[in-house]
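Student:
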Amino acid sequence: MSKQSQHVLIALPHPLLHLVSLGLVSFIFTLFSLELSQFGTQLAPLWFPTSIMMVAFYRHAGRMWPGIALSCSLGNIAASILLFSTSSLNMTWTTINIVEAVVGAVLLRKLLPWYNPLQNLADWLRLALGSAIVPPLLGGVLVVLLTPGDDPLRAFLIWVLSESIGALALVPLGLLFKPHYLLRHRNPRLLFESLLTLAITLTLSWLSMLYLPWPFTFIIVLLMWSAVRLPRMEAFLIFLTTVMMVSLMMAADPSLLATPRTYLMSHMPWLPFLLILLPANIMTMVMYAFRAERKHISESETHFRNAMEYSAIGMALVGTEGQWLQTNKALCQFLGYSQEELRGLTFQQLTWPEDLNKDLQQVEKLISGEINTYSMEKRYYNRNGDVVWALLAVSLVRHTDGTPLYFIAQIEDINELKRTEQVNQQLMERITLANEAGGIGTWEWELKPNIFSWDKRMFELYEIPPHIKPNWQVWYECVLPEDRQHAEKVIRDSLQSRSPFKLEFRITVKDGIRHIRALANRVLNKEGEVERLLGINMDMTEVKQLNEALFQEKERLHITLDSIGEAVVCIDMAMKITFMNPVAEKMSGWTQEEALGVPLLTVLHITFGDNGPLMENIYSADTSRSAIEQDVVLHCRSGGSYDVHYSITPLSTLDGSNIGSVLVIQDVTESRKMLRQLSYSASHDALTHLANRASFEKQLRILLQTVNST
Numbered sequence: 224m225s226k227q228s229q230h231v232l233i234a235l236p237h238p239l240l241h242l243v244s245l246g247l248v249s250f251i252f253t254l255f256s257l258e259l260s261q262f263g264t265q266l267a268p269l270w271f272p273t274s275i276m277m278v279a280f281y282r283h284a285g286r287m288w289p290g291i292a293l294s295c296s297l298g299n300i301a302a303s304i305l306l307f308s309t310s311s312l313n314m315t316w317t318t319i320n321i322v323e324a325v326v327g328a329v330l331l332r333k334l335l336p337w338y339n340p341l342q343n344l345a346d347w348l349r350l351a352l353g354s355a356i357v358p359p360l361l362g363g364v365l366v367v368l369l370t371p372g373d374d375p376l377r378a379f380l381i382w383v384l385s386e387s388i389g390a391l392a393l394v395p396l397g398l399l400f401k402p403h404y405l406l407r408h409r410n411p412r413l414l415f416e417s418l419l420t421l422a423i424t425l426t427l428s429w430l431s432m433l434y435l436p437w438p439f440t441f442i443i444v445l446l447m448w449s450a451v452r453l454p455r456m457e458a459f460l461i462f463l464t465t466v467m468m469v470s471l472m473m474a475a476d477p478s479l480l481a482t483p484r485t486y487l488m489s490h491m492p493w494l495p496f497l498l499i500l501l502p503a504n505i506m507t508m509v510m511y512a513f514r515a516e517r518k519h520i521s522e523s524e525t526h527f528r529n530a531m532e533y534s535a536i537g538m539a540l541v542g543t544e545g546q547w548l549q550t551n552k553a554l555c556q557f558l559g560y561s562q563e564e565l566r567g568l569t570f571q572q573l574t575w576p577e578d579l580n581k582d583l584q585q586v587e588k589l590i591s592g593e594i595n596t597y598s599m600e601k602r603y604y605n606r607n608g609d610v611v612w613a614l615l616a617v618s619l620v621r622h623t624d625g626t627p628l629y630f631i632a633q634i635e636d637i638n639e640l641k642r643t644e645q646v647n648q649q650l651m652e653r654i655t656l657a658n659e660a661g662g663i664g665t666w667e668w669e670l671k672p673n674i675f676s677w678d679k680r681m682f683e684l685y686e687i688p689p690h691i692k693p694n695w696q697v698w699y700e701c702v703l704p705e706d707r708q709h710a711e712k713v714i715r716d717s718l719q720s721r722s723p724f725k726l727e728f729r730i731t732v733k734d735g736i737r738h739i740r741a742l743a744n745r746v747l748n749k750e751g752e753v754e755r756l757l758g759i760n761m762d763m764t765e766v767k768q769l770n771e772a773l774f775q776e777k778e779r780l781h782i783t784l785d786s787i788g789e790a791v792v793c794i795d796m797a798m799k800i801t802f803m804n805p806v807a808e809k810m811s812g813w814t815q816e817e818a819l820g821v822p823l824l825t826v827l828h829i830t831f832g833d834n835g836p837l838m839e840n841i842y843s844a845d846t847s848r849s850a851i852e853q854d855v856v857l858h859c860r861s862g863g864s865y866d867v868h869y870s871i872t873p874l875s876t877l878d879g880s881n882i883g884s885v886l887v888i889q890d891v892t893e894s895r896k897m898l899r900q901l902s903y904s905a906s907h908d909a910l911t912h913l914a915n916r917a918s919f920e921k922q923l924r925i926l927l928q929t930v931n932s933t
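In the numbering used here, the protein residues as written are 224 to 933.
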């Protein structure tokens, strides 16, 4: 919608303060990582500073990367100076950390979606590749090449392992963290559950490390339990805390890595079987619960989807910015758009401008919590650009923290209702106009007292004296006997079904027969029964006579066209055939049913001469020449050909608009044959069939003209 969502805004710190905070965080985690190496353990210590720098690069614009690299590097150097002497500083390692962080940030930006980087297992695998595999391997290679030592393989493995563990522990948390996530813990239940899970996980992990064989098996179970109970960010926070605690315990007491306790193994030799079954059983139950919950969610979604999809009225899920997230068939049919097309639009684009401001005001109240739902009549634009009316009912779905998620909109088509209101209004205007003009008779029939009321025009239509009181019998006797049964049936069916009726019948008058069209509407009482009928009568005699005259004229034209000896073809503006008479069917070899809608020159195969080029434009022939002089040949589809002469006459409406043309084709085959014979006889001797003097003079003139032209 065209308004800001009601999110709680969190002020961003000044860039300099932000860089100082990053340096402080890097200093703390560097101090922790360096402390692990103080115990002299053979394990690769965890190294978090590279991951911190990588996350900072990922989350910030490139112009801030130099400042981030500088602040994080200063934090690393400060922690190193605090624990070691200045002479032990190795700026090469710091440079390698920066290179790893840059490579990792670039890979993460390429591999992961920005808004929600960890949505599924595939995203996690891409995260592992971009942060815990490629950058550490690159860093390990650089360490071996730039800082050679006595045991390069050991240095390579320690570097890669420490960077990988740090990345897997810290990078997911860094990518998922957003300032508004902290607002979720205003919910006491989530905060208590998170703290309780953290306390239980850390306590049991500490006990497992001290007293249980193969403690990592138990810790895995605890972390799986945490992952099931909590959202992603809280779960990754517990993972990070647990890894830091366990690594600190192992660095302080390397004996924790020794073989399982001899005492326990001697008294509990079956313990490995328990360790085999425990994670499997827990995972089985977790997956069962997950599948059951997913099935329940799927069923709920199916029920909701079916209820929405098969609803008789339009339903939609609308985003907080006005975009159509999901729509059902009824709404798509109402607006004329497909679901895919609606997803690319907003409701603001389809709302009639005069109704938009009122709708947005209600939306503001809904988001602010002043109201829970609202409904209103509003107008939309459909796909054709027409305005349609709808009854809109809207409610808001919120997140657990109160932020708006989406709107549920019910959109009922009331176009017919509005159209009915408009028709009723127009009907009243027509009745008023009819009464004023006097051209339409109006009547009323009150059923219970059986009282008829006619206006002046009704008496004129039926040629009944005004002093006669109208009733059913008077009207019934005026109706032509052949129409009485049908008219009575229509009226009685209308009364029984309580519906309006439209009826045409004939009445007898002094001059003969008059055609009447009757329209009536019913008025219901409180019990729903028909109380009275209101109607009009119109004289349709002239219309009926005109229709009859037009029909007769049409029949005469058809008979004439079927009887003449010329072929007649009618075409529209697109040069497609709309009519052919039988002669045209015979000469073309096409029936009228086959030729309707087909381009003219597809049906009429016309050439210049018997074997000449095909006519591509019906207007290209010289129609000013006589029928004998035109050398045009029509080839029949079934074989044979005709020497023809044709003429084209345009068809126009009363206002002069062109609606097509009429093509009249004459068969001049015999005439052209006789002309050729006469021409031959005039230029050749009848006895010898040789060219005569006239032919010689003609050929001589042609040769002289040729010489003069050259």
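Positions of the beta carbon are idealized from the N, C-alpha and C atoms, including for glycine.
(1) Is residue 772 near residue 758, with beta carbons less than 8 Å apart?
(2) Could you tell me which whole alpha helix (DSSP H) segments of length 4 or greater appear in the segment 676-724?
(3) With a threshold of 6 Å on Cβ separation, who are the neighbours of residue 321 within its own chain once the five nearest residues in sequence on each side are excluded?
(4) What are the boundary residues of the alpha helix (DSSP H) that residue 443 is part of?
(5) Between the alpha carbons of residue 886 and residue 924, how many angstroms are there, rounded?
(6) For residue 550, is the classification buried or exposed, using 16 other Cβ atoms within 10 angstroms of its Cβ as the cut-off for buried?
(7) Answer yes if the segment 279-290 comes into contact with the segment 325-344, meaning at least three C-beta pairs across the two stretches below 8 Å, and no otherwise.
(8) Name the DSSP beta bridge partners of residue 863, please?
(9) What does the alpha-carbon distance come out to for the pair residue 543 and residue 648?
(10) Can you tell me whether residue 860 is buried or exposed, with buried defined as 16 or more other CB within 10 angstroms of its CB?
(11) What's the call for residue 474, buried or exposed, on a 16-neighbour Cβ count within 10 Å?
(12) Please state whether DSSP places residue 819 in a helix, a strand or coil.
(13) Buried or exposed: residue 709, going by 16 or more other Cβ atoms within 10 Å of its Cβ?
(14) Rounded to whole angstroms, what is the Cα-Cα separation between residue 841 and residue 827?
(15) Count the other CB atoms within 10 Å of the CB of residue 625; is the residue buried (16 or more) or exposed (fewer)?
(16) So, with DSSP's three-state summary, where would you put residue 593?
(17) Pull up the CB-CB distance for residue 254 and residue 305, whole angstroms please, since I reckon it's below 8 Å.
(18) Please state the DSSP three-state secondary structure of residue 752.
(19) Can you check DSSP and say which residues form a bridge with residue 305?
(20) Measure from the alpha carbon of residue 735 to the alpha carbon of each residue in 750, 768, 612, then state which is nearest.
(21) For a test of the three-state rule: what should DSSP assign to residue 518, helix, strand or coil?
(22) If residue 608 sits next to residue 570, beta carbons under 8 Å apart, how far is it from one beta carbon to the other, in whole angstroms?
(23) Could you pull the DSSP bridge partners for residue 599 from this structure?
(24) Ordered along the chain, which non-local residues of its own chain (more than five positions away) have a Cβ less than 8 Å from that of residue 400?
(25) Looking at residue 856 and residue 833, is the spacing between their C-beta atoms short of 8 Å?
(26) At what residue ranges does the segment 749-806 contain a whole run of the alpha helix (DSSP H), taking only runs of 4 or more?
(27) Note down the Cα distance separating residue 556 from residue 727, rounded to an integer number of angstroms.
(28) Measure the alpha-carbon distance for residue 696 versus residue 634 and round it to whole angstroms.
(29) Work out the CA separation of residue 871 and residue 776 for me, nearest whole Å.
(30) Considering Cα atoms alone, identify which of 821, 838, 795 is closest to residue 880.
(31) Using three-state DSSP, classify residue 511 as helix, strand or coil.
(32) Would you check if there are 3 or more beta carbon pairs closer than 8 Å linking the segment 417-436 to the segment 459-470?
(33) Could you name the residues of the same chain whose beta carbon sits closer than 7 Å to that of residue 686, not counting the 5 residues immediately before and after it, in chain order?
(34) What do you get for residue 362, buried or exposed, if any count of 16 or more other CB atoms within 10 angstroms of its CB means buried?
(35) Does the Cβ-Cβ distance between residue 756 and residue 721 come in under 8 Å?
(36) Ordered along the chain, which non-local residues of its own chain (more than five positions away) have a Cβ less than 8 Å from that of residue 595?
Tutor: Quick answer:
(1) The residue you call residue 772 lines up with position 549 of the sequence shown. The residue you call residue 758 lines up with position 535 of the sequence shown. Cβ distance not < 8 Å, so residue 772 and residue 758 don't count as in contact.
(2) DSSP runs (the alpha helix (DSSP H)) wholly in the segment 676-724: 679-685, 695-701, 704-720.
(3) Counting from one through the sequence shown, the residue named residue 321 turns up at place 98. Taking residue 321 as the centre and dropping the five residues before and after it, the same chain places the C-beta of 292 closer than 6 Å to its C-beta, in chain order.
(4) Mapped onto the sequence shown, residue 443 falls at position 220. Taken as a continuous stretch (DSSP letters only), the alpha helix (DSSP H) holding residue 443 covers 438-452.
(5) Counted from its first residue, the sequence shown places residue 886 at position 663. Counted from its first residue, the sequence shown places residue 924 at position 701. The C-alpha of residue 886 lies about 39 Å from the C-alpha of residue 924.
(6) As a first step, residue 550 is located in the sequence shown; it is residue number 327 there, counting from the start. Here residue 550 is buried. Its C-beta has 16 or more other C-beta atoms within 10 Å.
(7) As far as the Cβ criterion goes, the segment 325-344 touches the segment 279-290, which means the pair count is three or higher.
(8) Counting from 1 along the sequence shown, the entry for residue 863 is found at position 640. Under the DSSP definition of a beta bridge, residue 863 lacks any partner.
(9) Reading the sequence shown from its first residue, position 320 is the one you call residue 543. Reading the sequence shown from its first residue, position 425 is the one you call residue 648. Taking the straight line joining both Cα atoms gives about 39 Å.
(10) Here the question's residue 860 lines up with position 637 in the sequence shown. Counting every other CB atom within 10 Å of its CB across the protein chains shown gives residue 860 a total below 16, marking it as exposed.
(11) Counting from one through the sequence shown, the residue named residue 474 turns up at place 251. Using a 10 angstroms sphere on the CB of residue 474, the tally of other CB atoms reaches 16 or more, which defines it as buried.
(12) Within the sequence shown, residue 819 is the residue found at index 596, counting from 1. The DSSP-derived three-state label of residue 819 is coil.
(13) Translated into positions along the sequence shown, residue 709 becomes position 486. Counting Cβ neighbours within 10 Å, residue 709 comes out exposed, since fewer than 16 surround it.
(14) Against the sequence shown, residue 841 aligns to sequence position 618. Against the sequence shown, residue 827 aligns to sequence position 604. One C-alpha to the other measures close to 10 Å.
(15) As a first step, residue 625 is located in the sequence shown; it is residue number 402 there, counting from the start. Counting the other CB atoms within 10 Å of its CB gives residue 625 a total below 16, which places it among the exposed residues.
(16) Here residue 593 corresponds to residue number 370 of the sequence shown, with the count starting at 1. Residue state, collapsed to three classes: coil.
(17) On the sequence shown, position 31 is the one that residue 254 refers to. On the sequence shown, position 82 is the one that residue 305 refers to. Taking C-beta atoms under 8 Å as the contact rule, residue 254 and residue 305 qualify, at a distance of about 7 Å.
(18) The residue labelled residue 752 in the question sits at position 529 within the sequence shown. Look at residue 752 here: in three-state DSSP terms it is coil, with no helix or strand label.
(19) By one-based count along the sequence shown, residue 305 stands at place 82. Under DSSP, residue 305 shares a beta bridge with no residue.
(20) Locating residue 735 in the sequence shown gives position 512, where the first residue counts as 1. It is 768.
(21) Residue numbering aside, residue 518 sits at position 295 when the sequence shown is read from its first letter. In this structure, residue 518 counts as helix in the three-state DSSP scheme.
(22) Position 385 of the sequence shown holds residue 608. Position 347 of the sequence shown holds residue 570. Rounded, the Cβ-Cβ distance is 17 Å, inconsistent with contact.
(23) In the sequence shown, the residue the question calls residue 599 occupies position 376. According to DSSP, residue 599 shares a beta bridge with 615.
(24) Position 177 of the sequence shown, counted from the start, is the residue given in the question as residue 400. Around residue 400: 456.
(25) By one-based count along the sequence shown, residue 833 stands at place 610. By one-based count along the sequence shown, residue 856 stands at place 633. Taking 8 Å as the cut-off, the Cβ atoms of residue 833 and residue 856 count as close.
(26) Scanning the segment 749-806 for uninterrupted alpha helix (DSSP H) segments of 4 residues or longer gives 764-786, listed from N- to C-terminal end.
(27) The sequence position of residue 556 within the sequence shown is 333, counting from 1. The sequence position of residue 727 within the sequence shown is 504, counting from 1. Near 36 Å, if we compare the C-alpha coordinates of residue 727 and residue 556.
(28) For the purposes of this step, residue 696 is identified with residue 473 of the sequence shown, where counting begins at 1. For the purposes of this step, residue 634 is identified with residue 411 of the sequence shown, where counting begins at 1. CA-to-CA, the gap between residue 696 and residue 634 works out to about 51 Å.
(29) Your numbering for residue 776 matches position 553 in the sequence shown. Your numbering for residue 871 matches position 648 in the sequence shown. Across the structure, residue 776 and residue 871 are spaced so that their CA atoms are roughly 23 Å apart.
(30) Counted from its first residue, the sequence shown places residue 880 at position 657. In terms of CA proximity to residue 880, 795 leads the group 821, 838, 795.
(31) Here residue 511 is taken as the residue at index 288 of the sequence shown, counted from 1. Residue 511 falls in the helix class under three-state DSSP.
(32) Using a Cβ-Cβ distance cut-off of 8 Å, the segment 417-436 and the segment 459-470 are in contact, since at least three pairs of beta carbons, one from each stretch, lie closer than that value.
(33) As a working mapping, residue 686 is identified with position 463 in the sequence shown. Excluding five sequence positions before and after residue 686, the CB atoms of its chain that fall closer than 7 Å to its own CB belong to 732, 733, given in chain order.
(34) The sequence position of residue 362 within the sequence shown is 139, counting from 1. By the C-beta density criterion, residue 362 is buried, having at least 16 other C-beta atoms within 10 angstroms.
(35) As a working mapping, residue 756 is identified with position 533 in the sequence shown. As a working mapping, residue 721 is identified with position 498 in the sequence shown. Not a contact, by the Cβ cut-off of 8 Å.
(36) For this step, residue 595 is matched to residue 372 along the sequence shown. Taken in chain order, the residues that qualify are 589, 618, 619.
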